[in-house]
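Going by my numbering, the first residue of the sequence shown is number 17, and it counts up by one from there.
Here's the structure we're looking at; comments come further down.
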Amino acid sequence: MVLVAAIAAGVFINTASMLQQRAEMTGKQATEQTSAGLNIVAAYGNVTQSGTSRYVDFINLTVKFRPGSQDIDLGNLTVEYLDENAYGILTCDVSASGRQSISGTVDWGSKFVVTWIKDDDGSLQTNGNSNPVMNSKEDTAKIYIKISSIRGDNGLGEGKTASIRLIPTVGAKTEYSVVVPESLFGKNKIDLG
17 MVLVAAIAAG VFINTASMLQ QRAEMTGKQA TEQTSAGLNI VAAYGNVTQS GTSRYVDFIN
77 LTVKFRPGSQ DIDLGNLTVE YLDENAYGIL TCDVSASGRQ SISGTVDWGS KFVVTWIKDD
137 DGSLQTNGNS NPVMNSKEDT AKIYIKISSI RGDNGLGEGK TASIRLIPTV GAKTEYSVVV
197 PESLFGKNKI DLG
């Protein structure tokens with residue numbers, strides 16, 4: 017009887033230890049998934065005019081690391097765009113990315129471009145040769161999205177709204193609501209932040 021109790025206690029302790037290890041691993045993975053990712057620190061829209069109507073045709077999002085993030089490969093980032101008339105899933109045009117300004121021909125209906133603002137080790141400065149990667153809390157990049165190409169028209173009109181979601185391969189999604197002011201008169205660029 018004592019032997020059976022000792023064996024049962026050993027199995028119980030072994031199982032408890034295994035469950036504790038699994039819980040710690042799951043907790044670590046959950047923390048990485050919810051705290052890792054991108055912060056949008058600024059958003060601007062380019063204003064264009066067709067006749068008497070004005071539109072935001074381009075959006076650029078300035079992004080940085082969230083605290084606790086590990087490397088984020090922007091070349092493997094997915095961007096989702098949604099408004100009342102259009103939906104698009106965009107991937108990075110690596111060959112046009114990794115510079116300080118947009119360069120090259122881009123299929124804007126299905127692609128976005130990444131440029132760098134601040135990069136302390138060259139991981140974002142790829143000049144189209146490889147995926148731009150954010151790997152430092154100091155790294156700052158811009159993501160350019162051409163709304164007019166996703167929508168197939170002039171862009172997002174005055175008073176309209178849209179939603180943009182940044183989805184990294186590791187980490188939490190970042191959602192951003194775009195609200196175009198009721199009037200774009202006299203403006204070439206607007207702060208969407």
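By construction, the Cβ of each residue, glycine as well, lies at the ideal position given by its N, Cα and C atoms.
Model, not experiment: these values are computed from the prediction.
Residue nearest to residue i in terms of C-alpha spacing, selected from the options
{"i": "Ser179", "options": "Thr185, Asp169, Ala52, Tyr192", "result": "Tyr192"}
{"i": "Ala157", "options": "Trp132, Val149, Thr177", "result": "Trp132"}
{"i": "Leu93", "options": "Leu106, Gly84, Gln86, Asp99", "result": "Leu106"}
{"i": "Phe74", "options": "Pro83, Phe81, Ala59, Asp136", "result": "Ala59"}
{"i": "Ala112", "options": "Tyr97, Gly104, Asp137, Gln141", "result": "Gln141"}
{"i": "Gly53", "options": "Arg70, Ala188, Gly144", "result": "Ala188"}
{"i": "Gly168", "options": "Leu182, Pro83, Tyr71, Ile183", "result": "Tyr71"}
{"i": "Asn151", "options": "Lys80, Ser164, Val194, Phe201", "result": "Lys80"}
Three-way DSSP call (helix, strand, coil) for residue i in this model
{"i": "Ile56", "result": "strand"}
{"i": "Leu90", "result": "helix"}
{"i": "Leu200", "result": "coil"}
{"i": "Val195", "result": "strand"}
{"i": "Lys189", "result": "coil"}
{"i": "Ser85", "result": "coil"}
Nearest-angstrom Cα separation, counted from residue j out to residue i
{"i": "Asn101", "j": "Lys176", "result": "11 Å"}
{"i": "Thr47", "j": "Thr190", "result": "In this predicted model, Thr47 has a pLDDT of only 42, less than 50, meaning its place in the structure is not dependable enough to derive any value."}
{"i": "Val149", "j": "Lys203", "result": "33 Å"}
{"i": "Ser146", "j": "Glu198", "result": "40 Å"}
{"i": "Asp207", "j": "Asp155", "result": "21 Å"}
{"i": "Ser139", "j": "Arg115", "result": "11 Å"}
{"i": "Val110", "j": "Asp87", "result": "17 Å"}
{"i": "Thr78", "j": "Val57", "result": "6 Å"}
{"i": "Gly91", "j": "Ile159", "result": "11 Å"}
{"i": "Lys153", "j": "Thr68", "result": "43 Å"}
{"i": "Asp137", "j": "Gly120", "result": "24 Å"}
{"i": "Arg181", "j": "Cys108", "result": "14 Å"}
Cross-strand partners of residue i (DSSP beta bridge)
{"i": "Asn62", "result": "Phe74, Lys205"}
{"i": "Val79", "result": "Ile56, Ala157"}
{"i": "Ser69", "result": "Ser66"}
{"i": "Val95", "result": "Leu106, Leu182"}
Residue i CB to nearest heavy atom of the ligand SAH below 8 Å
{"i": "Asp73", "result": "No copy of the ligand SAH occurs in the structure displayed, which carries no ligand at all."}
TODO: May I have a chain-ordered list of the beta strand (DSSP E) segments no shorter than 3 residues that lie completely inside the stretch 101–178?
DONE: 103–108, 127–134, 156–162
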